[in-house]
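Using the numbering used here, read the sequence shown as starting at 325 and increasing by one per residue. For reference, the structure is listed below as structure tokens.
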Amino acid sequence: MPVVDARTTPGAHETAVARLREAYAALPPGAPVRLAKHTSNLFRFRDTTATAELDVSAFGHVLSVDPVARTARVGGMTTYEDLCDATLPHQLMPLVVPQLKTITLGGAVTGLGIESTSLRNGMPHESVTEMEILTGDGRVVVATDANEHADLFRGFPNSYGTLGYSLSLTIELEPVRPYVHLRHFAFGSAEACMEAVSQIAAEGSYGGHKADFLDGTAFAPDELYLTVGAYSDVAPWRSDYTGQQIYYQSIRRDKEDFLAIRDYLWRWDTDWFWCSRPFGVQKPLVRRLWPRRYRRSDVYRKLVAMDRRYGLTSTLTQRRHLPPREAVIQDVEIPVERGAEFLRFFAADVGMSPVWMCPLRLRGDRAWPLYPLRPGEVYVNFGFWGTVPLPAGGTDGHYNRLVEDEVGRLTGHKSLYSTSFYAEDEFYKLYNGEAYHALKRAYDGEGRLLGLYEKCVTGR
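Set out below in structure tokens:
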């Protein structure tokens, strides 16, 4: 029997859907539409004063959890923090839980998501069995892989809200154990590290340690680590990285570790991976004074947004007569056999560290049209988030364009949550413009929502 969220009264979701349709129809024609959300994990900052906002707060909670069927029905604007809080009491979790608490389920599906179960379970959209979507033309449709909206179901991932918005999704869940036993394996070269990823993909373990979870961290070309996690019913000790200790620093220090399952899921959130450094939060004195409830990714992201809005860092850089800095905030997927090439390029031409590494492969045997990873192929997601001083005479976009060119050369793919510089014809060649435009005509024929290129590249 599904367990219904106590905040959900009979018919409440249906009423919210009807009200949203009415609100959408009443928006001024021609005005770009933006969801009114308290949090965002996108890094395309833009002026929203001339944008019509759509209140989707009614779709921000779990509707029900079915512990027997191992499924959950979830509002599209529900954060993974709230989703896991609803499923973990049943010893269940989503098959893939992106690493930041305020990523929403709908956002992870339409914008893609990834984490350390992605070598086993693929990407979040692959465990969705049904989507309820408000389309660009104002309809509300239920899409599955086998009904009359199967094209939308398969084309929704990587559409970034340009075809419509998910109102509810039904997802699969998997059983969990109370703890995760981590082992950090060190490698002296990118080649050895990528060979180990391939071995784990083939065998499901490394050094006798089962790989229920797998990600990695590259601190330097000759200092890389793969963190292999196995479910455990016992824990001789439990580490806590929400206090004074910092998770990514432990990877270099400790060979093994134990975390409670919830703490494991959010191990990266407390310090936004390592990106809390510019705010001083990793300094012991500042950390003691900074309230624990504010040590989380959404707080840091708001600080970055404020800095972008008022130009605080750029002004300070100019006054110090330092070279301007370019934000290089990207996630890219590279075939594992070419991963070492990418790491060598990145160290030599960009020089930012650390770099997150997350192996993945599609769970199913079919590709998804708008993000055409090849079924059966192992990829490594490389994530890097920070700023780099521009070379003399360089202009903003210098490093990001280098990354885009190298990703293309290595037959990889780039996530679109951040800045992109592709020409329009190149963009739609990479992201299957033929399939996208067919979906756009079918579900947003009048162009009520922004197009994918306009939203993800030109910054509208």
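Even for Gly, the Cβ is constructed at its ideal location relative to N, Cα and C. Here the structure is a predicted model, which means the values were calculated and not measured.
- Residue pairing for residue 581: DSSP places it in a beta bridge opposite 506.
- For the pair residue 722 and residue 654, the Cα-to-Cα distance works out to about 14 Å.
- In the three-state reduction of the DSSP assignment, residue 744 falls in the coil class.
- In the structure shown, the three-state DSSP call for residue 649 is strand.
- Residue ranges of uninterrupted alpha helix (DSSP H) with 4 or more members, entirely inside the stretch 716-742 and ordered along the chain, are 722-733.
- At the C-beta level, residue 673 and residue 487 stay beyond 8 Å of one another.
- Between the stretch 532-549 and the stretch 677-689, the count of Cβ pairs shorter than 8 Å is three or higher; the stretches touch.
- Separation of residue 660 and residue 739 (C-alpha to C-alpha, rounded to the nearest whole angstrom) is 17 Å.
- Annotation: residue 576 to residue 677 spans about 14 Å, alpha carbon to alpha carbon.
- Going by beta carbons, residue 711 and residue 724 fall outside the 8 Å limit.
- Annotation: the continuous alpha helix (DSSP H) that includes residue 780 extends over 776-780.
- In the displayed model, residue 749 falls within a helix according to three-state DSSP.
- Membership of residue 390 in the beta strand (DSSP E) is indicated by the continuous run 386-390.
- Counting of Cβ neighbours within 10 angstroms places residue 578 among the exposed residues, the total staying below 16.
- The continuous stretches of alpha helix (DSSP H) do not include residue 436, and DSSP gives it neither H nor E.
- Around the beta carbon of residue 471, fewer than 16 other beta carbons lie within 10 angstroms, which makes this residue exposed.
- Residue 757 is classed as buried because its beta carbon has at least 16 other beta carbons within 10 Å across all chains shown.
- Here DSSP, grouped into helix, strand and coil, assigns residue 682 to strand.
- In this structure, the beta-carbon distance from residue 589 to residue 408 falls below 8 Å.
- The straight-line gap separating the alpha-carbon atoms of residue 492 and residue 709 is approximately 31 Å.
- Here the alpha carbons of residue 483 and residue 477 stand approximately 11 Å from one another.
- In this structure, the CA atom of residue 500 is about 21 Å from the CA atom of residue 566.
- In the three-state reduction of the DSSP assignment, residue 533 falls in the strand class, which pools E and B.
- Rounded to whole angstroms, the separation of the alpha carbons of residue 736 and residue 656 is 7 Å.
- Runs of the alpha helix (DSSP H) lying entirely within the stretch 448-508, each at least 4 residues long, are 474-479 in chain order.
- Uninterrupted alpha helix (DSSP H) stretches at least 4 residues long and entirely within the stretch 551-621 occur at 571-577, 585-589, 608-613, given in chain order.
- Comparing alpha carbon positions, the residue from 585, 765, 770 closest to residue 413 is 585.
- For residue 698, there is no enclosing alpha helix (DSSP H), as DSSP gives it neither H nor E.
- With contacts defined as CB atoms closer than 8 Å, residue 606 and residue 595 qualify as a contacting pair.
- In this structure, the CA atom of residue 652 is about 11 Å from the CA atom of residue 726.
- The beta carbon of residue 571 is closer than 6 Å to those of 565, 591 in its chain, skipping five residues each way along the sequence.
- Per DSSP, residue 417 is not a residue of any alpha helix (DSSP H); the beta strand (DSSP E) it occupies stretches across 416-418.
- Counting every other CB atom within 10 Å of its CB across the protein chains shown gives residue 685 a total of 16 or more, marking it as buried.
- For residue 773 and residue 469, the gap between their C-alpha atoms comes out near 24 Å.
- Assignment of residue 395 by DSSP, reduced to helix, strand and coil, places it in the strand class.
- Under the DSSP assignment, residue 359 falls outside any alpha helix (DSSP H), being part of the beta strand (DSSP E) whose first and last residues are 357-360.
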